[in-house]
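Note sheet for the following structure.
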Amino acid sequence: MIELVYISRAAKRFKDEELVDMLATFRKNNAEASISGMLLYDGHGTFIQAIEGSAEKIKTLYNKITHDTRHTSVVLLSEKTVSARKFASWQMGFSLIDQSVVSKLNGYSDFMISELPNVDNERRSSIAHELLFYFREKHNINK
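Position 51 of the sequence shown, counting from 1, maps to 51 under UniProt numbering, and the rest follow consecutively.
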């Protein structure tokens, strides 16, 4: 099993109804493929997502994501083998990120509102993991 984390920019700002519709589709598809994960969106165009499942299914999904015209600047932050799911109970957890949460992270940068190249990949990966795990704990997602 692998965990893959990426960040991307939305090609446009999504209305609430569009996000709800997309999430319903993602959850259905992920359930069918035994994929779990967490999607964070800042409301200004930045997505951070962790997906976990079999290597084959995750790589297929990530390839689909990189070709999805709703995204631009898709950047792979980490891909690693894991022994257990971190978001096991959610086919696709979702949270809208408040910038005040990001500003409280150790070593804060304007990560969620700046252009992606301003943060090096190692720091970007660390920030993404901190955010994902913060929201997992906040929403009491089973580990």
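C-beta: ideal position from N, C-alpha, C; glycine also. Given the structure is predicted, the values throughout are model-derived calculations rather than measurements.
Complete runs of the beta strand (DSSP E) confined to the UniProt domain "BLUF" (1-93) [at least 3 residues]: 2-10, 36-41, 46-53 and 71-81
Thinking C-alpha only, which one of I2, A84 and I7 is nearest L40? Counted from its first residue, the sequence shown places residue 40 at position 40. When only C-alpha atoms are compared, the closest one is I7.
Thinking just about the alpha-carbon of each residue, which of H67, H71, R85 and K80 is nearest to the one in K12? Sequence index remark: in the sequence shown, residue 12 carries index 12 (1-based). Of H67, H71, R85 and K80, the residue nearest in Cα terms is H71.
Practice task
Please state if the CB of E79 and the CB of A50 are separated by a distance shorter than 8 Å.
Solution key: Position 50 of the sequence shown, counted from the start, is the residue given in the question as residue 50. Position 79 of the sequence shown, counted from the start, is the residue given in the question as residue 79. Result no, Cβ atoms of A50 and E79 do not sit closer than 8 Å.
Look at the alpha carbon of N30 and the alpha carbon of Y62, and state the distance between them as a whole number of angstroms.
-> Here residue 30 corresponds to residue number 30 of the sequence shown, with the count starting at 1. Here residue 62 corresponds to residue number 62 of the sequence shown, with the count starting at 1. Taking the straight line from one Cα to the other gives about 12 Å.
**Asked** Roughly how many angstroms lie between the CA atoms of M1 and E32, to the nearest whole one?
**Response** Your numbering for residue 1 matches position 1 in the sequence shown. Your numbering for residue 32 matches position 32 in the sequence shown. About 16 Å.
Give the straight-line distance between the Cα atoms of E56 and H44, rounded to the nearest whole angstrom.
The residue labelled residue 56 in the question sits at position 56 within the sequence shown. The residue labelled residue 44 in the question sits at position 44 within the sequence shown. Going from the Cα of E56 to the Cα of H44 covers about 32 Å.
| According to the Cβ coordinates, are I58 and I35 closer than 8 Å? | Residue mapping note: residue 58 aligns to position 58 of the sequence shown, counting from 1. Residue mapping note: residue 35 aligns to position 35 of the sequence shown, counting from 1. Yes, these two residues count as a Cβ contact at 8 Å.
Alpha carbons only, please: which of S54, H67, L77 and M38 is nearest the one belonging to V5?
Mapped onto the sequence shown, residue 5 falls at position 5. Looking at the Cα atoms, L77 is the closest of the given residues.
Cβ-based neighbour list, D21, same chain, cut-off 7 Å, excluding 5 preceding and 5 following | On the sequence shown, position 21 is the one that residue 21 refers to. Around D21: no qualifying Cβ.
Pull up the distance between the alpha-carbon of R9 and that of L19, whole angstroms please.
For the purposes of this step, residue 9 is taken as the residue at position 9 of the sequence shown. For the purposes of this step, residue 19 is taken as the residue at position 19 of the sequence shown. R9 and L19: Cα-Cα distance of roughly 14 Å.
Checklist entry - What separation, rounded to the nearest whole angstrom, lies between the Cα atoms of D16 and A88? => result Here residue 16 corresponds to residue number 16 of the sequence shown, with the count starting at 1. Here residue 88 corresponds to residue number 88 of the sequence shown, with the count starting at 1. Their Cα atoms are separated by approximately 25 Å.
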